[in-house]
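Q: Here you go, one structure.
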Amino acid sequence: MCPPSETTRATPPGILLLTSITRKDNYDWHLTTYRYIVLIVTFLAYTCYHASRKPTGIVKSLLHPHLNPNLKGWPPFDAHDGTSKLGEIDLAFLASYSIGMYVAGHLGDTLDLRLFLTAGMIGSGLFVGLFGMGYFWDIHAFSFFLLMQMIAGLFQATGWPSVVAVVGNWFGKRKRGLIMGVWNAHTSVGNIVGTLVAASVLEFGWGWSFIAPAALMVFGGFVVYFLLPAYPEDVGFPNPTTTTLRFDQEAETEGNLVCVQGSVSRKSVGVIEACEIPGVITFALCLFFAKLVAYTFLYWLPFYLSRTEIGGEYVSVKSAGNLSALFDVGGIFGGILAGYISDRLRARAITAATFMYAAIPSMLLYRSYGSISMGLNILLMMLTGLFVNGPYALITTAVSADLGTHSCLRGNSRALATVTAIIDGTGSVGAALGPLLTGFISRKGWDGVFIMLMVGAFVAGLLLSRLVIAEIAEKTGKPIPFSSARLNPQAMALTRAMLVIAISMALLSFSIAQAPSPAPTHSSPSPTPTPTPTAAPSPSPSPTISASPSPSPTASPPSSPPPSAGSPGPSASPPPSPPSLPPQSSPPPAPTPQSPSTASPPSPASQPSPPSDGVPPPPNNTASVHGSSLALVALCGGAALLLA
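Numbering of the sequence shown is given in full-length UniProt numbering, commencing with residue 1 and proceeding in unit increments.
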């Protein structure tokens with residue numbers, strides 16, 4: 001074993017205890033053991049990070065229960081703009097997270113990663129717990145929850161650059177995709193653990209759904225402090241990114257452990273210098289849209305499931321939270337599969353782009369057919385999770401580690417955290433935008449949300465087109481047409497074509513959004529109060545209930561047969577809350593006109609809400625948010641194509 005390098009960093013107490021009870025000359029066992037410890041501890045650490053992010057998605061339906069009158073709600077979020085406020089809460093967390101990521105990456109390359117990660121976990125757990133304490137302290141100030149999320153986001157930014165840098169310090173480049181693909185399952189495992197923990201204590205009060213993951217987070221911080229060897233040289237091993245380990249699994253020949261010291265630079269790399277590494281900006285922009293899609297599912301999938309009829313039934317808030325965990329089960333397989341394929345092909349860009357394109361039809365199928373049955377919903381949800389989380393996992397792990405140890409760094413081992421922070425920080429901006437837009441767009445319906453997600457996945461794949469063509473050319477042995485993208489006319493023509501496609505999709509989405517919205521038809525029965533109200537008692541079951549005695553679908557607001565029939569008493573229709581009237585006037589005639597076949601004409605009126613909706617329709621001030629937000633996403637992607 002090599003002598004420890006000159007360093008002022010302290011060895012973790014748990015590692016000192018381990019070395020004191022084991023043989024000092026068993027170098028092989030020590031190297032393997034330390035690597036397993038690094039993988040397990042960092043896996044558990046980031047599992048805690050993601051588990052503490054899940055509670056906000058679980059409690060959304062309790063904070064804003066407008067579609068379930070049996071729940072009370074929580075005052076800042078229980079108004080008609082509650083979904084918008086919940087989106088702003090997500091934005092506050094993710095915006096501070098993305099901003100903090102750039103700072104945390106540079107600090108991670110400068111400070112002791114073990115202590116830096118420990119402080120981040122304890123601080124994050126503290127402020128996640130304080131958010132939950134708002135329930136016990138009966139706090140209803142929106143600014144309080146906003147502030148807690150912002151500070152928690154800053155502490156959460158310490159996690160990802162640190163754990164990727166630690167793993168990159170211990171493992172070389174070969175088989176990094178598969179190793180990190182398996183290791184990156186912590187993202188989905190953390191989501192599952194956070195979902196199950198938060199949902200299991202939800203019945204005791206939504207505050208416990210934050211406190212329980214926060215306690216888990218603080219405990220994980222102490223585990224990191226006592227057990228994580230962040231640097232190989234701190235325990236007497238050379239860094240595989242700056243030295244050659246002949247005993248290493250990545251070596252082609254077997255033999256004893258021999259240290260061949262290389263030229264190691266201890267000067268940390270700046271953000272501008274890291275951005276000049278080939279591929280960093282391209283993958284960062286791709287991750288912007290990949291995380292926009294992934295984090296929209298992370299924060300809004302439980303809410304969507306509780307609002308969507310599946311197999312003719314609506315699931316409870318707790319069941320929706322547990323069901324959403326299956327999305328992350330698919331994400332686990334997606335991360336492993338993407339890492340394995342990229343290792344076999346030695347083509348990160350091809351793998352990531354293929355997964356992003358495959359995510360588009362999977363999301364379309366899930367939205368279109370997921371409501372048919374529970375089994376089909378689960379199958380399509382897991383398939384969507386596989387394709388959505390696969391490239392997200394690949395880019396944030398193996399790609400970031402590859403670029404952080406790029407050959408152009410000439411042995412500088414202090415760029416891993418900085419490069420990781422640039423890529424994931426840029427992606428976190430998209431992660432903040434996606435849930436925010438969802439809060440607005442979902443008020444018009446969930447079709448617009450899925451259109452936004454499919455546009456995002458499409459642009460993410462387009463951004464990797466140059467790298468994909470370069471990798472294909474490298475595999476086939478043909479000259480690379482993009483060696484000088486700024487001057488190559490073919491490259492510029494293809495880039496312009498991509499830009500035109502992105503803008504065309506944005507304009508198409510905008511035109512769809514500007515089509516007449518069916519939402520205002522809620523109050524359409526009121527303009528026809530002139531017919532004689534004398535026969536109001538007898539045909540009263542038809543006023544605002546969606547079933548009409550006659551099969552004529554021509555008149556959707558009232559259930560009158562042809563235009564001349566004035567007998568259906570429209571005088572009972574002006575109240576905007578339909579569910580309150582049918583019980584009063586249904587006894588006299590047959591209350592059985594519930595045939596599903598005749599219920600189709602009025603279906604636009606109750607478009608986004610379950611039948612238990614007891615609130616008036618949402619305001620129309622979001623009529624253009626759908627199209628304008630999609631236009632913004634696609635135009636940003638088109639502009640990014642010119643920079644890639």
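The beta carbon of each residue, even a glycine, is placed where N, CA and C say it ideally should be. For clarity, every value in this text was computed on a predicted model and none was experimentally measured.
In whole angstroms, what separates the C-alpha of M217 from that of S96?
A: Straight-line Cα distance between these residues: approximately 19 Å.
Q: Buried or exposed for I15, please, with buried defined as at least 16 other CB atoms from any protein chain shown within 10 angstroms of its CB.
A: That one is buried.
Q: So the alpha helix (DSSP H) V235 belongs to, where does it begin and stop?
A: Here V235 belongs to no alpha helix (DSSP H), and DSSP marks it neither H nor E.
Q: Kindly indicate the opening and closing residues of the alpha helix (DSSP H) around H186.
A: 185 to 200 is the extent of the alpha helix (DSSP H) around H186.
Q: My guess is that L94 and S162 are in contact by the Cβ rule of under 8 Å, so how many angstroms apart are they, rounded?
A: The Cβ separation is near 18 Å, so there is no contact.
Q: Rounded to a whole number of angstroms, what is the C-alpha to C-alpha distance between T56 and Y299?
A: Cα to Cα, T56 sits roughly 7 Å from Y299.
Q: Taking just the CA atoms, how far does A358 sit from F387?
A: Each residue's alpha carbon lies about 6 Å from the other.
Q: Alpha carbons only, please: which of L227, C286, R367 is nearest the one belonging to L115?
A: For L115, the nearest C-alpha among the options comes from L227.
Q: When you measure from the CB of V163 to every non-hydrogen atom of the ligand GDP, does any distance come out below 7 Å?
A: Absent from the structure shown: the ligand GDP. Ligands present: none.
Q: For a test of the three-state rule: what should DSSP assign to I310, helix, strand or coil?
A: It is a strand residue.
Q: Note the first and the last residue of the continuous alpha helix (DSSP H) segment covering F127.
A: First-last of the alpha helix (DSSP H) with F127: 113 to 136.
Q: For H50, which residues of its own chain have a beta-carbon under 6 Å away from its beta-carbon, when the five flanking residues on both sides are left out?
A: For H50, where only same-chain residues beyond five positions count, the Cβ hits under 6 Å are T187, G190, N191.
Q: Give the DSSP-derived three-state secondary structure of V315 in the structure shown.
A: If DSSP states are grouped into helix, strand and coil, V315 belongs with coil.
Q: Quick one: is E32 buried, meaning 16 or more other Cβ sit within 10 Å of its Cβ, or exposed?
A: Note that residue 32 corresponds to Thr in the displayed sequence, not to Glu. Exposed, because fewer than 16 other Cβ atoms sit within 10 Å of the Cβ of T32.
Q: Measure the Cβ-Cβ separation of T47 and A104 and say whether it is below 8 Å.
A: Not closer than 8 Å, so no.
Q: Between L301, K291, S200, which lies nearest to G425 when the distance is taken from Cα to Cα?
A: It is K291 whose Cα lies nearest to the Cα of G425.
Q: So, helix, strand or coil for F288, using DSSP?
A: Residue state, collapsed to three classes: helix.
Q: Would you check if the distance between the CB atom of I422 and the CB atom of A294 is smaller than 8 Å?
A: No, the pair does not count as a contact, with Cβ atoms beyond the cut-off.
Q: Pull up the distance between the alpha-carbon of F142 and that of P76, whole angstroms please.
A: Roughly 6 Å between the two C-alpha positions.
Q: Quick one: what's got a C-beta closer than 7 Å to I58's C-beta in the same chain, skipping five residues either side?
A: Closer than 7 Å at the Cβ level, and outside the excluded window around I58, lie T195, A198, A199, L202, S209, P302, G321.
Q: Report back the beta-carbon spacing between M454 and I360 to the nearest angstrom; my notes put them in contact at under 8 Å.
A: Confirmed, Cβ separation roughly 5 Å.
Q: Between which residues of its own chain and V128 is the CB-CB distance below 6 Å, once the five residues before and five after are set aside?
A: Same-chain partners within the cutoff: S52, A152, F210, A214.
Q: How would you label L416, buried or exposed, when you count the other beta carbons within 10 angstroms and need 16 or more for buried?
A: By the neighbour-count rule (16 or more Cβ atoms within 10 Å), L416 is buried.
Q: Quick one: Cα of D234 to Cα of Y34, how far?
A: Rounded to whole angstroms, D234 to Y34 spans 11 Å at the Cα level.
Q: Using the C-alpha atoms, what's the distance from W206 back to V317?
A: Looking at the two C-alpha atoms, the distance is approximately 12 Å.
Q: Determine the DSSP secondary structure at P161, reduced to helix, strand or coil.
A: Three-state DSSP puts P161 in a helix.
Q: How far does the alpha helix (DSSP H) with T438 in it extend, from its first residue to its last?
A: Run containing T438: 416 to 441, per the alpha helix (DSSP H) assignment.
Q: Taking Cβ positions, are F283 and G430 nearer each other than 8 Å?
A: No.
Q: Rounded to whole angstroms, what's the CA-CA distance from G331 to A352? Just pull it up for me.
A: One C-alpha to the other measures close to 14 Å.
Q: Excluding five sequence neighbours on each side, which residues of the same chain lie with their C-beta closer than 7 Å to the C-beta of S342?
A: Contacts found: G177, R348, T351, L394, A398.
Q: Could you check the C-alpha separation between V459 and C286 for me, to the nearest Å?
A: Cα to Cα, the separation comes out at about 8 Å.
Q: Below 8 Å on the Cβ atoms is my guess for G390 versus L337; work out the distance and round it to an integer in Å.
A: About 6 Å separates the two Cβ atoms, so the contact holds.
Q: Check P593 in the structure and name its three-state DSSP category.
A: Low local confidence applies: a pLDDT of 43 at P593 is under 50, so the model's placement there is unreliable, with the coordinate-based value given in what follows. Looking at P593 - three-state DSSP - the assignment turns out to be coil, as it is neither helix nor strand.
Q: Keeping to the same chain, check which residues put their C-beta closer than 6 Å to that of T396; ignore five residues upstream and five downstream.
A: Cβ neighbours of T396 beyond the five flanking positions: D424.
Q: What does a CB cutoff of less than 6 Å around Y231 pick up in its chain, not counting 5 residues either side in sequence?
A: The residues are N169.
Q: What does a CB cutoff of less than 8 Å around L62 pick up in its chain, not counting 5 residues either side in sequence?
A: Around L62: L71, G73, W74, L202, W206, V317.
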